[in-house]
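Peer 1:
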Amino acid sequence: MEHGLGDSLHTTNTYYVLPESWRSEIFRGMNINAVNKELLQRGVIEPGNDGKASSLVRLPGLGTQRCYIVKTIPGLAESEARAA
Numbered sequence: 606m607e608h609g610l611g612d613s614l615h616t617t618n619t620y621y622v623l624p625e626s627w628r629s630e631i632f633r634g635m636n637i638n639a640v641n642k643e644l645l646q647r648g649v650i651e652p653g654n655d656g657k658a659s660s661l662v663r664l665p666g667l668g669t670q671r672c673y674i675v676k677t678i679p680g681l682a683e684s685e686a687r688a689a
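When the letters of the sequence shown are read in order and numbered with the working numbering, they come out as residues 606 to 689.
#1: In the DSSP assignment, find the alpha helix (DSSP H) that holds Lys676 and state where it starts and stops.
#2: For Val662, does the three-state DSSP call read helix, strand or coil?
#3: Could you give the distance in angstroms between the alpha-carbon of Pro624 and the alpha-carbon of Glu630?
#4: Expressed to the nearest angstrom, what Euclidean distance is found between the alpha-carbon atoms of Met635 and Leu644?
#5: Do you know how far the Cα of Val675 is from the Cα of Asn638?
#6: Excluding the 5 residues preceding and the 5 following Thr677 in the sequence, name in chain order all residues of the same chain whose CB lies nearer than 6 Å to its CB.
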């Protein structure tokens, strides 16, 4: 595959965050329902098959766990991320 000037390849980082850390560390003191709704609307977190903000995922060493899935493209400016 050839790439010309200005072409770029993006790697997506996927983070799996357990609910306890999501509530007590990342969004401590915030209305978690409002946060989840906003992040779902913006496409920051991947919704579960049941429509919830968290998903059931098999994690190594932990088995099947409910967690929040956050996907990011490193190095993108906020305006570029919204367009992606």
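Idealized CB from N, CA, C, for every residue including glycine. Computed from a predicted structure; not experimentally measured.
Peer 2: Once the coordinates are examined:
#1: That residue, Lys676, is in no alpha helix (DSSP H); its beta strand (DSSP E) goes 668–677.
#2: Three-state result, Val662: strand.
#3: Counting only the Cα atoms, Glu630 lies some 10 Å from Pro624.
#4: Roughly 13 Å between the two C-alpha positions.
#5: One C-alpha to the other measures close to 16 Å.
#6: Closer than 6 Å at Cβ, skipping near neighbours: Asn618.
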